[in-house]
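Report on the structure given below.
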């Protein structure tokens with residue numbers, strides 16, 4: 003912008019009103035440029051949706067670590083929630099409360115039982131632009147994770163489980179399940195290094211039987227574009243069940259034939275690629 007003293011020294015014959023017009027015009031032009039730059043920056047900030055990741059049973063949010071690193075490297079904001087694993091309706095309500103804190107569009111990914119949770123939680127949320135199911139349940143209304151896992155043969159999960167009682171908030175007891183640590187590697191994460199699988203086994207979070215038995219009352223995939231990754235060597239959710247659910251949901255599907263149930267740990271690049279595909283489709 004021209005300084006007033008400079009204008010006076012070089013344009014002495016210009017009328018005061020003309021001088022005022024020049025200065026005012028310069029200020030307005032600078033303000034418009036600044037406003038345009040600010041608007042551009044704001045638009046750039048909104049260009050990428052927030053990726054919300056939901057883990058499943060016998061896992062925790064750290065199972066997404068390799069995926070998170072890649073998403074953040076690409077400039078995406080990421081939230082990996084702590085799924086309570088206590089019951090489908092309460093877990094979905096908790097996730098919905100997390101989604102309510104996120105400004106702007108969301109791409110929502112769930113692994114395993116986390117697929118049931120995102121299906122329930124995202125229903126009716128206009129900010130959720132895509133659902134990604136990673137070796138996950140994709141229930142319809144009236145279906146539970148347990149019955150979907152048993153729909154096709156191939157799951158060996160039941161024989162590896164231990165059960166224990168835990169106190170319910172309103173009184174009484176519930177039952178929760180964990181995978182026996184000495185069987186965790188083969189059952190849950192056969193394509194993960196043994197040392198990593200041992201840590202996963204020790205840090206696994208138990209799931210309530212209620213979470214696996216409670217039926218879905220909403221199915222967000224009926225209204226939101228969906229994507230699915232099928233794990234071909236999954237011993238928790240049979241691959242045929244995963245494929246059947248993905249086809250029913252008209253999900254864009256990829257398959258990793260060699261992947262265990264812990265595909266986000268063993269194949270984080272492939273999982274990230276599918277999430278990015280979904281995210282880019284929201285723009």
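In this note's numbering, the protein residues as written are 3 to 285. Positions of the beta carbon are idealized from the N, C-alpha and C atoms, including for glycine. These numbers were taken from a predicted model, which means no experiment stands behind them.
Member of the options whose CA lies at the smallest distance from the CA of residue i
i, options, result
"residue 165", "129, 147, 212 and 123", "212"
"residue 140", "156, 66, 270 and 123", "123"
"residue 300", "163, 54 and 177", "Missing from the structure shown is residue 300; the chain here goes from 3 to 285 and no further."
"residue 282", "115, 223, 96 and 108", "108"
"residue 125", "149, 94, 146 and 115", "94"
"residue 88", "216, 252, 255 and 244", "216"
"residue 184", "198, 203 and 171", "203"
"residue 103", "182, 229, 80 and 272", "80"
"residue 128", "271, 223 and 246", "223"
"residue 182", "206, 91, 198 and 197", "206"
Where residue i falls: helix, strand or coil (DSSP)
i, result
"residue 131", "strand"
"residue 140", "coil"
"residue 166", "strand"
"residue 222", "helix"
"residue 229", "strand"
"residue 6", "Because the pLDDT of residue 6 is 33, which lies under 50, any placement of that residue in the model is unreliable, and the question is left without a value."
"residue 287", "There is simply no residue 287 to check, as the chain begins at 3 and stops at 285 in what is shown."
"residue 45", "Unreliable positioning characterises residue 45 in this predicted model, as indicated by a pLDDT of 38, which lies under 50. A coordinate reading is not provided."
"residue 252", "coil"
"residue 110", "strand"
"residue 176", "strand"
"residue 80", "strand"
"residue 239", "coil"
"residue 121", "helix"
"residue 284", "coil"
"residue 274", "helix"
Check: residue i C-beta below 8 Å from any heavy atom of the ligand FAD
i, result
"residue 205", "Ligands in the displayed structure: none, and consequently the ligand FAD is not present."
C-beta contact flag for residue i and residue j at 9 Å
i, j, result
"residue 220", "residue 193", "no"
"residue 227", "residue 133", "yes"
"residue 100", "residue 69", "no"
"residue 255", "residue 249", "yes"
"residue 82", "residue 115", "no"
"residue 97", "residue 274", "no"
Opening and closing residue of the alpha helix (DSSP H) in which residue i lies
i, result
"residue 198", "196-205"
"residue 149", "147-151"
"residue 208", "Run containing residue 208: none; DSSP gives neither H nor E here."
"residue 159", "Residue 159 -> no alpha helix (DSSP H), and no H or E assigned at all."
"residue 94", "90-101"
"residue 63", "Looking at the DSSP string, residue 63 is not in any alpha helix (DSSP H), and its letter there is neither H nor E."
"residue 266", "265-268"
Straight-line Cα distance separating residue j from residue i
i, j, result
"residue 267", "residue 111", "14 Å"
"residue 1", "residue 214", "Only positions 3 to 285 of the chain appear in the structure, and residue 1 is not among them; the question remains open."
"residue 263", "residue 113", "9 Å"
"residue 75", "residue 173", "46 Å"
"residue 238", "residue 209", "14 Å"
"residue 71", "residue 278", "13 Å"
"residue 200", "residue 233", "21 Å"
"residue 34", "residue 105", "Model confidence at residue 34 stands at a pLDDT of 36, short of 50, so the residue's coordinates are unreliable and nothing is read from them."
"residue 180", "residue 189", "12 Å"
"residue 121", "residue 195", "31 Å"
"residue 276", "residue 231", "8 Å"
"residue 157", "residue 260", "16 Å"
"residue 175", "residue 167", "6 Å"
"residue 284", "residue 265", "24 Å"
"residue 25", "residue 49", "Annotation note: pLDDT 31 at residue 25 (below 50); position unreliable, coordinate value reported separately. Roughly 36 Å separates the two Cα atoms."
"residue 145", "residue 153", "11 Å"
"residue 251", "residue 131", "15 Å"
"residue 155", "residue 242", "8 Å"
"residue 135", "residue 280", "11 Å"
"residue 86", "residue 119", "10 Å"
First through last residue of the beta strand (DSSP E) which encompasses residue i
i, result
"residue 55", "52-56"
CB contact below 9 Å: residue i versus chain C
i, result
"residue 143", "Considering every chain present, this structure includes no chain C. It has just one protein chain."
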